[in-house]
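Protein chains: 2
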Amino acid sequence: MRAGVTPHDPERAAALELVHRLRDVALRLDLAIGEFAKTTGLHGTDVRALVRLLDAERAGAEATPTWLAQQLGMTSQATTAVIHRLEAAGHVERRRSRTDGRSSHLQVSDSAIALGWQFFGPLLDQMVATTSTLTKSDQAIIANYLTALTQAID
Amino acid sequence: MRAGVTPHDPERAAALELVHRLRDVALRLDLAIGEFAKTTGLHGTDVRALVRLLDAERAGAEATPTWLAQQLGMTSQATTAVIHRLEAAGHVERRRSRTDGRSSHLQVSDSAIALGWQFFGPLLDQMVATTSTLTKSDQAIIANYLTALTQAID
DNA sequence: CGACAATAGCTCACTGAGTGAGGTAAATTG
DNA sequence: CAATTTACCTCACTCAGTGAGCTATTGTCG
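Taken in sequence, the protein lines are chains V and E.
Just so you know, the working numbering puts the end of the first sequence at 168, numbered straight through with nothing missing.
Just so you know, the working numbering puts the end of the second sequence at 168, numbered straight through with nothing missing.
Here it is, written out as structure tokens:
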């Protein structure tokens with residue numbers, strides 16, 4: 015960054031460096047999604063959608079097309095297309111909602127789960143292994159930090 | 015996640031939870047890029063490229079079209095188009111490399127830097143502020159963790 | 001209750017971002 | 001100094017994503 019943009023402050027600089035390191039990790043996770051997309055023949059957006067749907071399932075949340083559109087930062091029409099592609103590939107099933115006749119519930123298939131684990135499994139294992147080398151208290155420190163960051167970003 | 019996919023292991027579950035939280039932060043950062051793209055009229059890819067170019071400048075690295083293509087996980091042709099768009103918008107300048115006649119060096123303009131700070135500045139400030147509430151030793155723990163993660167992902 | 005508005009999701013026509021094929025020029029190799 | 005590799009580019013095309021606008025269901029309020 016050029017001179018004059020930020021006042022010289024060593025403490026801030028250290029914190030900023032940490033934030034940049036975090037962004038670097040985020041970037042690499044995104045590149046991994048791109049690689050997964052290439053190897054499976056799916057599109058980046060489709061993989062991103064699949065990941066979000068798997069996350070929703072893990073969290074026990076109801077995944078609807080509108081919810082997915084927000085998660086992807088896209089329009090509802092584009093999301094409709096994404097769902098159609100995933101449906102055609104047999105990765106997701108569309109079920110009409112019981113409580114709301116307009117809405118539908120998106121259910122990921124077992125094949126999609128298997129596919130996801132096949133690629134992201136090793137990556138997650140590596141990350142989990144790295145995490146597991148830390149003490150419980152260190153893990154707690156990081157978890158709290160990440161939670162605070164999530165709130166700060168919103 | 016459905017039953018039977020992972021063996022029940024409380025320690026692993028805790029580490030996995032931390033990894034998921036990290037992914038959540040990564041997702042939000044990506045959504046912020048999307049928002050930035052919408053407000054500026056640029057495209058998501060263009061913003062992502064700009065961010066990477068700013069990172070390269072900060073790190074003092076030479077940014078070339080090929081390097082950028084790798085960073086974005088795209089083909090060189092698509093990257094050429096990105097550079098053309100950014101060039102037309104006055105955000106980047108293309109300069110022929112001194113050492114290699116085939117290559118060119120990408121230089122971000124002051125206007126691009128100002129634009130980036132205008133949008134990402136508040137976000138970074140929030141993240142830095144959150145980081146600054148931690149003790150130095152806690153920051154060191156997190157920094158080491160993130161570095162280890164970066165290596166683990168590759 | 002019945003009109004009115006808001007919400008969830010969709011189709012259609014179109015734009016343009018990204019890809020594959022292939023080309024040029026500079027650097028490297030044997 | 002030919003042959004190969006590398007860096008970047010143009011061209012033609014495809015299809016992912018957008019805007020406009022539709023239908024059906026749910027919610028609101030006199």
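Don't be surprised by glycine CBs; every beta carbon is placed ideally from N, CA and C.
Keep in mind it's a predicted model, so treat the numbers as computed, not measured.
Item                                                                                                                                              : Value
So the beta strand (DSSP E) V/Arg-112 belongs to, where does it begin and stop?                                                                   : Premise fails: V/Arg-112 is in no beta strand (DSSP E) and is neither H nor E.
With 16 other CB atoms within 10 Å as the buried threshold, where does V/Arg-16 fall?                                                             : Because V/Arg-16 carries a pLDDT of 49, less than 50, the predicted location of this residue cannot be relied on, and the following value inherits that uncertainty. Classification of V/Arg-16: exposed, given that the 10 Å Cβ count is below 16.
Helix, strand or coil for E/Glu-31? Go by DSSP, reduced to three states.                                                                          : helix
So what does DSSP say about E/Glu-101, is it helix, strand or coil?                                                                               : helix
What residues from the stretch 92 to 122 of chain V come within 8 Å of chain E, judged by C-beta to C-beta, listed N to C?                        : none
Against chain V, which members of the stretch 145 to 161 of chain E pass a CB distance test of less than 7 Å?                                     : Thr-145, Ser-146, Leu-148, Asp-152, Gln-153, Ile-155, Ile-156, Ala-157, Tyr-159, Leu-160, Thr-161
For V/Leu-120, which beta-bridge partners are listed by DSSP?                                                                                     : V/Arg-108
Taking 7 Å as the limit between beta carbons, can you name the residues of its chain near V/Ala-46, skipping five residues before and five after? : Leu-137
Buried or exposed: which applies to E/Gly-74, given that a residue is buried once 16 or more other Cβ atoms fall within 10 Å of its Cβ?           : exposed
Are the C-beta of V/Gly-87 and some C-beta of chain E separated by less than 8 Å?                                                                 : yes
In three-state terms, what does DSSP make of E/Glu-76?                                                                                            : coil
Answer with yes or no whether the minimum CB distance from E/Thr-164 to chain V is below 8 Å.                                                     : yes
If we call anything under 8 Å between Cβ atoms a contact, is E/Thr-89 one with E/Pro-79?                                                          : no
Near V/Val-61, what residues of its chain come up, given a Cβ to Cβ distance below 6 Å and the 5 sequence neighbours on each side ignored?        : Ile-47, Phe-50, Ala-51
Buried or exposed, going by whether 16 or more other CB atoms sit within 10 Å of the CB of V/Asp-114?                                             : exposed
Output, in chain order, the set of chain E residues within a Cβ distance shorter than 8 Å of V/Gly-48.                                            : Gly-87
Is DSSP giving E/Leu-148 helix, strand or coil here?                                                                                              : coil
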